[in-house]
Every structure is written in C-alpha cells, then in structure tokens.
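So the sequence shown is numbered by the numbering used here: it starts at 82 and just counts up by one.
Structure, as structure tokens:
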Amino acid sequence: MSPTAFRRQMRYLKDQGFTSIRLSDLVTSLKSNLALPGRAFVLTFDDGFKNVYQIAFPLLQELGFTATIFLVTDYIGQRASWELGERDRKAGVQHFPLLSWAEIKEMHRYGFTFGAHGAGHLPLTRLPARQVRSDVEKSKRIIEDELGTDCQLFCYPYGDYNQVVRGIVQETGFEGAVTTEFGRNGSGADLYALRRIGSAHFTTIPVFRACLYGTYGWHLRRRKTRFPQRG
82 MSPTAFRRQM
92 RYLKDQGFTS
102 IRLSDLVTSL
112 KSNLALPGRA
122 FVLTFDDGFK
132 NVYQIAFPLL
142 QELGFTATIF
152 LVTDYIGQRA
162 SWELGERDRK
172 AGVQHFPLLS
182 WAEIKEMHRY
192 GFTFGAHGAG
202 HLPLTRLPAR
212 QVRSDVEKSK
222 RIIEDELGTD
232 CQLFCYPYGD
242 YNQVVRGIVQ
252 ETGFEGAVTT
262 EFGRNGSGAD
272 LYALRRIGSA
282 HFTTIPVFRA
292 CLYGTYGWHL
302 RRRKTRFPQR
312 G
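Encoded structure:
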C-alpha cells in the first residue's frame with residue numbers, strides 16, 4: 082500500500098468517528114463480554130517493518146490512534162530474510178529494513194503495543210512441537226525483556242496454524258492470537274484464531290468502506306474475487 086492510500090484510509094476513519102483501540106482491549110472485551118466504544122477498530126502491522134515508524138507512527142500520533150505491531154525477534158534491526166512467498170519476493174520485501182529496538186521502545190512509550198510473530202518467522206505447522214514451543218517462547222521472552230511488560234498477543238507466521246500450534250501459543254501464556262483469515266470478530270470469537278481485514282489490498286475508499294461496514298462479502302461474490310492472504 083502506498084503512504085498516500087494509507088493516509089487516506091486513516092483520515093477516513095477519523096472523519097467518520099471511528100475509535101482506535103488496542104488489540105488487547107478487544108481480547109479483554111471478547112473474554113469478559115464487555116462493551117467496546119462505538120465504531121471501535123483495531124489496527125495491526127505484521128513483521129515490524131521500519132516504514133511503520135517512518136510513515137504510520139507520525140500519522141497515527143496526529144490522529145490519536147494506536148496500533149499493535151507483531152515483531153520477528155531474531156530479525157530486529159535487520160532485513161526480512163526469512164522464507165518469503167513469490168508475491169513478497171517480487172515486491173522486494175527481502176530488502177525492506179525492520180524496526181530497531183530504539184524505534185520500538187519509542188512507539189511503546191507512546192502507547193503502541195507489541196506482540197510476537199515468532200522468533201524466526203517459521204512455518205510452525207511444519208515443525209515438531211518441541212521446536213514450535215522453543216520459537217514461540219523465545220519470541221515472547223525477548224519482547225518482555227526488552228520492553229519490561231507482558232507480551233500477551235501472538236500472530237501466526239504466514240497465518241499458518243493448527244490445533245497443536247494453537248495449543249502451544251495458549252500454553253505459553255498468550256491471551257490471544259491473530260490469523261490472516263478475512264473477517265470480523267464478534268461475540269464468541271475464538272481468541273486464538275482472531276480474524277482480520279487486510280486493508281492494504283483495498284486502496285479505494287468505496288471498497289475500504291465496504292470492508293468496514295461488513296458489505297465486502299457481497300462485493301467479493303459480485304466480482305468473484307478472493308482475498309489474498311499474507312502473514
């Protein structure tokens with residue numbers, strides 16, 4: 082998504098009276114059946130690319146919004162040299178710089194929250210349970226040590242999970258986990274399989290609006306398209 086398209090989306094949310102909440106607030110609400118503010122939304126970023134600090138952070142500060150960023154802890158301050166899909170390779174993602182701890186800590190002081198995206202951005206369902214547990218625990222521990230706060234949220238690398246992976250994430254002490262599955266999260270949502278809407282693929286305001294108000298399913302059926310996945 083271009084910076085211009087992102088700014089357009091965020092300003093639309095502000096102009097329409099949407100309320101930015103933390104992902105942890107959503108998890109608490111779902112767990113305890115607590116009401117959320119009207120028009121509440123959660124903004125998440127996977128992988129922890131530096132452009133979140135350079136582009137998103139100043140704009141979100143200006144608008145009074147917050148976000149949750151999922152970090153790949155073995156690659157902090159480096160580049161995305163983990164296994165990439167064809168679409169990401171063509172986009173040059175392997176050359177994108179990642180956030181440094183100094184940048185992460187600055188955003189954390191402002192009120193952004195940080196979750197774990199694994200230590201090595203590994204395809205967890207292809208690994209033995211022992212290795213999954215080691216990777217998940219390591220990513221949680223590093224974030225907690227660096228930020229001095231509980232790391233409560235997990236994002237499955239590549240959106241790839243099964244019951245074994247889900248169970249390990251829960252046993253490790255995470256309060257919730259997000260997928261790359263398209264959709265909203267209402268009462269009764271699985272806290273360890275939370276859905277999201279990948280707004281990077283919906284750069285026009287009419288389509289973005291359809292996602293926000295729950296009419297994009299009709300749009301998909303009409304155009305016979307599929308939502309592209311990423312994680």
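In this text, a Cβ means the ideal position worked out from N, Cα and C, and glycines have one as well.
Beta-carbon gap between residue i and residue j smaller than 8 Å
i	j	result
residue 112	residue 234	no
residue 156	residue 286	no
residue 138	residue 122	no
residue 260	residue 240	yes
residue 216	residue 199	yes
residue 192	residue 147	yes
residue 174	residue 205	no
residue 190	residue 176	no
residue 281	residue 91	no
residue 130	residue 151	no
residue 166	residue 179	no
residue 256	residue 108	yes
residue 242	residue 188	no
residue 224	residue 195	yes
Sheet register partners of residue i (DSSP bridge)
i	result
residue 152	128, 197
residue 257	234
residue 277	263
residue 250	Residue 250 is not bridged to any residue.
residue 121	100
residue 160	178
Classification of residue i by the beta-carbon crowding that lies within 10 angstroms, buried from 16 upward
i	result
residue 145	exposed
residue 221	buried
residue 231	exposed
residue 275	buried
residue 128	buried
residue 85	exposed
residue 304	Reliability fails at residue 304, whose pLDDT of 44 lies under 50, so the model's placement of it is uncertain and no value is given.
residue 120	exposed
residue 238	buried
residue 268	exposed
residue 162	exposed
Contact with chain D by residue i, beta-carbon distance below 8 Å
i	result
residue 243	Of the protein chains in the structure, only one exists, and it is not chain D.
heavy atom of the ligand NAD below 7 Å from residue i C-beta
i	result
residue 259	As presented, the structure is devoid of all ligands, the ligand NAD included, so that no description of it is given.
Nearest-angstrom beta carbon gap, residue j and residue i [assumed within contact, 8 Å]
i	j	result
residue 154	residue 197	7 Å
residue 124	residue 88	Contact doesn't hold; Cβ gap of about 13 Å is too wide.
Can you check the region 171-219 for any beta strand (DSSP E) of at least 3 residues that lies completely inside it and give the ranges in chain order?
194-197
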